[in-house]
Structures are given as structure tokens and as C-alpha cells.
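Protein chains in written order, with the UniProt record's numbering: chain U, 1 to 469; chain E, 1 to 483. Yeah, the Cβ is synthetic: ideal placement off N, Cα and C, and Gly gets one too. One structure is given here, and the rest of the page talks about it.
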Amino acid sequence: MGLLSGKATCNTHGQDSSYFLGWQEYEKNPYDEVQNPTGIIQMGLAENQLSFDLLESWLDRNPDAAGFKRDGQSIFRELALFQDYHGLPAFKKALVEFMSEIRGNKVTFDTSKIVLTAGATSANETLMFCLAEPGEAFLLPTPYYPGFDRDLKWRTGVEIVPIQCTSLNGFQITETAIEEAYQLAQKRHLKVKGVLVTNPSNPLGTTMSRNELNLLVNIITEKNIHLISDEIYSGTVFSSPGFVSIMEILKDRNCENTQVWNRVHIVYSLSKDLGLPGFRVGAIYSNDDMVVAAATKMSSFGLVSSQTQYLLSALLSDKKFTQNYISENKKRLKQRHRKLVSGLEKAGISCLKSNAGLFCWVDMRHLLRSNTFEAEMELWKKIVYDVKLNISPGSSCHCTEPGWFRVCFANMSEDTLKLSMQRLKAFVDSITTTLHNQSNHQSIKNSRRRSLTKWVFRLSFDDRVTGER
Amino acid sequence: MAFALSNQEQLLSKIAAGNGHGEDSPYFDGWKAFESDPYHPTKNPNGVIQMGLAENLLCHELVEDWLMNNPKASICSAEGLNEFKGIANFQDYHGLPEFRNAVAKFMGKVRGNRVTFDPDRIVMSGGATGAHETVAFCLADPGDAFLVPTPYYPGFDRDLRWRTGVQLVPVVCDSSNDFKVTMEALEAAYEKAQESNIRIKGVLITNPSNPLGTFLDRETLKDIVSFINEKNIHLVCDEIYAATVFTKESSFVSIAEIIDQDIACNRNLIHIVYSLSKDMGFPGFRVGIIYSYNDQVVSCARKMSSFGLVSSQTQHLIATMLSDDQFVEKFIAESAKRIAERHKAFTWGLSQVGIGCLKSNAGLFLWMDLHHLLKEQTYEAEMALWQVIINEVKLNVSPGSSFHCPNPGWFRVCFANMDDRTMEIALSRITSFMLKNVEAKVPNKKKLCWQRSLRLSMSSRRMDDFMASPCMSPQSPLVQART
């Protein structure tokens, strides 16, 4: 008899994936401007470090929230004892209002439908426990966040079936792709319980179009399944087309009080928008009372610290602060995004046009020795070990096309970003020189021409009316 | 409509739609009664007093004083603000090194520094609730089982079983020997499980015990270790009440001490669950700890801790607080003292009206024996008595059946979650209830030594029975054994 469980001895935790190996390499040799200027620059971590000063100055002006006090009176005891899984009412109110503000107040949220969890990691796992049996499946569009393999599958026994999206249409979800995913599930004898999308997308950095959202509503209505919309990056949308939440679509289609209304659930967190991943603040929002009830009980396994709930309820209740934060944060993200894109351009590298997120989806297909994942891994290792940049290979995100990489831009200083782009340019120059000297230099010219053509195509595409990207 | 409803239910998993969350248990009914009519000294003086919540409120002002004098502990204060960014960004599931160091040191101090803990074996979890579920996920597959001595904390039914599919097999410990865990009982439960083709993966003990308030002696612990070694199964020790031990004579022995001294034991089988919720009175901060002597379990549990990490803001606070040796030592000593005082006052108050409790030396509660007040020795009678206690005496206490107690009539009463005044009121309510019932049912003023002993009757018919039974005097061996 095995001493440990099957879960303990398998590797569904996903940490043998390259996504995490890059982190390990980084940890062995981390870049530091002063202490280790030749170390590896971390570009694989989707963190938002651009707006801490805004938070710090708020804290400076609001000592009560910091010191377990309300109106000068100590509320330490109250907070230390507060373990009600319904959450601090003031915090939930502030949170749903913040979520609403991010959506331009086009939708409002009800505090009785929100469940607090220890980060979005816990929220996603909890929803799986609530909506699916072991062996059942959720459809996810590729490429997707590598952590989903652990969060959705590991302890729940739920399966993921990919909806293959490709660069032919900017990785948008199509009806054909969904149908194919269904057929794949059938072949694997898996019952599909729902679809899970991340909007804005990780790793693409794009917001979902109205067409895609409407398509999803049609599908889940027809197939009688759930839709989970992980909107963790909703506050990072920095340019047009703006963010359209699934709730807005449902509202536009007058879906309130219909059955499909009850099958749409949102996951949120403050880790990306506010840059507070350490505080473990996640949330499930569901229109279905039974889901809310079950998820609330399950949240016992990962409640949000009352100390943190109190601090954030004060922060998010300050509307002046939140309004300013949301707009300033967007401005800084946009600026930083532009710097990365132009830096990449100088190195002859293009990326998917994006308007959100803390990263770019970068196209390095022209740098591959061959159109294979082996070649992608080869390139990635060179970038990690030689160029000393930790970026995430597309294969770790289950992308079907080799050569794409996710590169983060909001977790470092501007100078570090500049340095990373210099290193990259130097690398690209060196390999194109090398490749130029080899017998397949003609095909490289062709691929550069191809990528240049794509670039031009993308630029002209942008001029069109945005409704489709 | 009916079709739509069942259609709707099908859209949820069995786990979500079922009642494995355990909240239909009577343990929670009392809470509901309390919530609808909660006691408040000025706003609702006739409300229900909460004595069903094992919380420790006795030393909070010590912590408040410390906080006032240590503003750096908060990353949001002027003094600590320079650390805000680094902490707010820190989501490494290894936890802040200073947090792990401080917790390891604290755990050692709580055990009188008789044993030390390795910070690298400290894994965070969403409270002890999250810790137990994670340990179950690591050690057992769906259908496997853990042996648990009765009576046990009702939350285990949810924490160990609900989402994991793991089972709990009770090891029957009853009032005939003060609920002590015996090797016979352990063997019997194991054999029975084998016969039913249930695969036992381990034994779960809570030491000090909830709800008993007692702790295991060294010999029993060693016997249990031999048992699990022989069967090659795990031992999970929930030591969440370790710092609530308040007697000096008998010193608490942690499983860590046994392991330290016993070279023969396979350390890969030993795991400790801990939390700051009881010892420090911080349930809201969700600081749960898994401490395993098995490297693989540490590694797996750590990955799983992603589902319930401790807020870095809280980690920082705890790290700073528990690194203050002077404060910690003062806190541990003072807390034990206050628990002892409260325990003494309450047991004495109960004994004055002839109510006995299991002799205990730890915990935030008493295991109260009211079986002599039952109409009959059944759980229905226990429930009936409990309804009376909630609705008439206006106290929320927890019925023994919710703890899977094999003998009806026992109740867990918490005493550390209120101030002195409220405790006095609770005792006076018990007293006046007992006296009222005696007066009303004894019209012919038979001479009763009611100052020392009382007869209680739920009905006049019952009173006749009672008049025939022996007087519960302090000299009676029945009372002596329990106080």
C-alpha cells in the first residue's frame, strides 16, 4: 500500500512544467541592479508593481486602517475573532463597488452573491468542486494560464479540454473551435460541465470581443453548461476596445432571471489590479444561490485574513482614491506596455496587439530553428541561460503553435525593462548573424519578410473599426 | 417547475448539493439560536450567551498593548510602511522566512523548550481547517479512512471528509474510564474496519483534546506510536490547544517529544497540525500550520498551500510579534494563569449546583456531565435537555452527540470567550434555573441539602424518580470523580 495519496505522488500540481523551471533558474541567479547586474531578469511573473506609491501614500494618510483602529478606537479584538465565512460586510460592499467601478458602472454587483476566497487560485478550485464531479471536464481556450492545470484539476479530479485558438485570427474563440473541443471531449469520454475563460486573457493580454462573449452565451445556453469568467485582469485594461464583462452581455440580452443567468460565475482577485498578491484576496461571484451557499462553506478552507479585509475595506471605500487609482494605474500600464512593444520592435520582434494585462504575447516564430516545440524549448533555454531573461514559453500555456512567448512588463523598473530589451536585441542580432552565415540564410530572409508582412498586416488591421480586433 | 429545479440541482456537483459540509448538525443549531438572540450586557441582557464557541479572549489586551508599542509590526503604519511593497508583493508559498522562524520558536516555547521545531518543515494553511483537509489530501485517497477517538470536534467530519472523499472511523472512548484512549479500543476499531474492507491510512488525535480538555499521558502516546508503526499507518496530531494547558503538576507531552526520544519510530508517519486560533486567540487571522516529519508530505502540502496561504500582511505581524521573546514568554504564562482561574471559577460554580465535569487541565471549555438530568439515557433526551438549556436557561452549549460521544448527557461548555461579568451571569442563570426547578417541584419542603446538592426535575413525574435516587453530595464518589 502506498504511504501517501495518489495526489501526493502524481505531478498534476504541474510544477515540473517549464513555466516553473524558469522561475527556479531565476531564483538561483536573480538580477539586481547593484548586487547582480548580470543576473536573470524576471519577466515571467505577471505582477503589477507600477502603482505601489499610490497605495503607500493612501496608507500614510489613513493610519487608523493600518493600526486596527476605527475612529481612534482599537478594534483589534473584534478583528482577531472575526472568522465568519460570510466575510466582513464593509469589505464585501467596498469590493463589489470597486468591481462595478472597473466596469464603468455598467453593471452592479450584489454583496449577497460574492464569496471571499484565499486568492483566485482558491476561487477557481472551489468552483470546480462546486460544479463538476471528478472525471468531468471544463473547456478552456488555449493558450491559457499554466496554473489552471493545478488549480482546476489537481485535487478535484476535473479534466481540462482545450479549445484550440490560433494566430490566424488573433487567437479569438470561434464556434468551430468549440465544436471541435466538444468532439475531443466525447472521444475522451468526458462529460463537459462548462467553459472557463480568462477575460482579459492571460497570456494574450487582450479583452474578449462582444462577438466572442455572445458566442459563449449561445453555447452555454444550448448545451446547458456553466460559464466561468476569470476577470482577474479587468482593472488592467489600458486602451480600446474597453473591457466588456460577461455580466454586461447578459444584461444586454435580458438574461436576468433566466436559467443561463444562474450558470455564469465570475472569479476576481486584487492580486493584479491592485498589485497585492501577498494578501490572498480572491472572490467568486455567482448568480446562483446554491453555488454561493456551497462555495461559502468551502471558503472555510481558505478565508481571507480579517486583518487584511479590514485594511482593504477602508482602502476601497475611499472612492476618491479608487477613481484616481484606476485611471492612474491604467495610464502607467499603457506607458510601460508601449515601452516593451517598441523595445521588441527594435529587436525585430512583434507581438499580438493587446490592450490589457501585465504582459505581451510575443511572436518569436521567426527565430525558431524549425516550427516545432523542441525548437521553442531550445530557443527558450537560450533566452533564460544566455540572454538571462526569464520569459514563459507558449507551450507551457498549451499554445498549439510553437514560437510564442509571454513577456511581463509591469514587475520591474523602467531601467530594468530597457536593459532586458537591449539584451534581447543583442541576442537577436547575434543569432541572425549566425543564421545568416549558414546555408539556410535564404529561408531566414523569407521568414523575416513573412514576419514583416505580418507586422504590416497587423498595423493595417488596427485601422479598422474595432469590434473585432 | 419541478423539472427546472432538479435540472438546476444537477448542474451542481454531488459535493456541493449534498450535506457533507456538516452544517445540519446540532452543533450549529445552537449557533443559529444564538445568532437570532445574542446576549449583550446593555442592548440584550436576556439574550442567549454563547458558550458553544471555543475562543480565547482572555489575553487580547496584552496583544493590544504590544501592538501599540510596536507599530513596526504593521506594514501600513508610518514605521512599517517602507516594508509595505515587499510584503504586499510576497506570495511565495514557502512563507516569509521570519514568519516560519518565529512560529517554529513559538511552538518550541509552548512546549517548555523541551523540543525544537525546524522552520523548513513549517507549511502554511488556511487555518487548522485548511491544514486538516490538506493533510487528508496528502495521505489518503477517496475511500480511505482515519481512526478518530470519540468524542471529537464536529468540524472533522467536514474538514477530513467533505471534498476529499476520505472516511472517519470512530475509536470508541466512553465515560466508563473517563474517555481515555485505550489500545483495546484502537485495535478493535482497526479490526472492525479491516473486516468491512475499509483501508485505514492513519490515526487522528487531538491533544489536548477537544471537547474533553484533557491531554494524553506519555505512556498512552508511546503506545499509539507503537500501534501506528506496527500497522505502518500515519499519526496526525492536532495540537491546536497546546498552549491552553494550565496545570503545572502534569506537564503536556507533545508528539514531538516522543519522536525526539524514540529512535525506532518511523518519522515519515508523524504529522502535526497547529494554528494560532486558540493559543493566541486569533481565529480571524487564519494562521494554520502543517508540520510534518515526512519530506514528501512537506513538499506536497506546501504546493497545496497555494489554496490557502496566510496573508503576507498577517505573516509579517505574527513574525514580528512572536519574535519578541519577552512578550511571548509573558503571554504564554499569563494566558495559562487566566485560563486556570476561569476554569476553577466555572467548575466551582457548577459544583455548587451539583453539576460535575470531567477533570481537565487544558482547553477553553469544560466537558459537563448532565446525564443524571436526562429523562432516559438516550440522545433524544439529550436533545430535549439541550433545547431547554438554549430556550430557558439561554445558554448555547454544545451537545455531546454532535461530538459523536457514545454516552448521552454530556455537553461542552466554553468559558474563555467572555468577560468575568458574563461568566458570572451564565453561572447565575444555571444556578437560578436549578433552584427554580427544585422549588417548583418540591412544595412540601422536604429537607434537601440544596446548598451542596440539588435534584433537578424536568417534570413532576421525573421528580418522583429523582426523590428515590441518592443525594448528589460533594462526598458522593460520583461528584468527586468529576470535579
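Contact with chain U by residue i, beta-carbon distance below 7 Å
i      : result
E:L216 : no
E:P283 : yes
E:G288 : no
E:R161 : no
E:E133 : yes
E:I332 : no
E:A256 : no
E:L12  : yes
E:C405 : no
E:C76  : yes
E:S226 : no
E:G126 : yes
E:E64  : yes
E:T320 : no
Assigned secondary structure, residue i (DSSP; H/G/I helix, E/B strand, else coil)
i                      : result
E:T206                 : strand
U:W361                 : strand
residue 475 of chain U : Residue 475 of chain U is absent from the model: chain U starts at 1 and stops at 469.
E:Q167                 : strand
U:M421                 : helix
U:A283                 : strand
E:E23                  : coil
E:A54                  : coil
E:Y39                  : coil
U:R406                 : strand
E:N44                  : strand
U:N11                  : coil
E:A145                 : strand
Contacting residues, own chain, Cβ-Cβ under 6 Å from residue i (five flanking each side not counted)
i      : result
E:G349 : L427
U:A94  : S313, L316, S317
U:K425 : K346, A347
Neighbourhood of residue i by C-beta distance below 7 Å, restricted to the same chain and skipping five residues each side
i      : result
U:L379 : M364, L367, L368
U:S51  : G275, Y325, E328, N329, R332
E:Q315 : G95, L96, F99
U:Y182 : V192
E:K201 : L139, A140, D144, A145, F146, I233, H234
Check whether residue i and residue j have beta carbons under 7 Å apart
i      : j      : result
E:G126 : U:A118 : yes
E:H271 : E:V135 : yes
E:R111 : E:S209 : no
U:M298 : U:T126 : yes
E:G281 : E:H60  : yes
U:N411 : U:Q49  : yes
E:F346 : E:C414 : no
U:G205 : U:A356 : yes
U:R155 : U:K320 : no
E:L374 : E:F106 : no
Chain E contact for residue i (CB, 7 Å cutoff)
i      : result
U:G6   : yes
U:R77  : yes
U:Q73  : no
U:T121 : yes
U:F82  : yes
U:R70  : no
U:E25  : no
U:E125 : yes
Sequence-distant residues of its chain with Cβ nearer than 8 Å to residue i (five each side left out)
i     : result
E:A33 : V48, I390, N391, N396
E:P71 : S77, A78, E79, G80
*Check each residue of the segment 278-301 of chain U: if its Cβ is closer than 9 Å to any Cβ of chain E, include it; give the result in chain order.*
G278, F279, R280, V281, D288, M290, V291, A293, A294, A295, K297, M298, S299, S300, F301
_the segment 262-283 of chain E: positions lying closer than 9 Å to chain U by Cβ_ = N268, L269, S277, M280, G281, F282, P283
*What residues in the segment 304-319 of chain U have a beta carbon less than 8 Å from any beta carbon of chain E?*
V304, S305, S306, Q307, T308, L311
_chain U contacts made by the segment 81-110 of chain E, where a contact means CB separation under 7 Å_ = L81, F84, K85, I87, A88, N89, F90, Q91
*Interface residues of the segment 200-230 of chain U facing chain E [CB-CB below 9 Å]*: N224, I225, H226
*According to a CB-to-CB cut-off of less than 9 Å, which residues of the segment 293-310 of chain E neighbour chain U?*
N294, Q296, V297, S299, C300, A301, K303, M304, S306, F307, G308, L309, V310
*Would you list, in chain order, the members of the segment 136-164 of chain E that have their beta-carbon closer than 7 Å to a beta-carbon of chain U?*
F137, C138, L139, A140, D141, R163
*Pull out every residue of the segment 32-57 of chain U whose Cβ sits closer than 8 Å to any Cβ of chain E, in chain order.*
E47, Q49, F52, L55, E56
_Interface positions of the segment 132-146 of chain U facing chain E (Cβ-Cβ less than 7 Å), listed along the chain_ = A132, E133
*With 7 Å as the limit, tell me which residues of the segment 154-186 of chain U have their beta carbon closer than that to any beta carbon of chain E; keep them in chain order.*
R155
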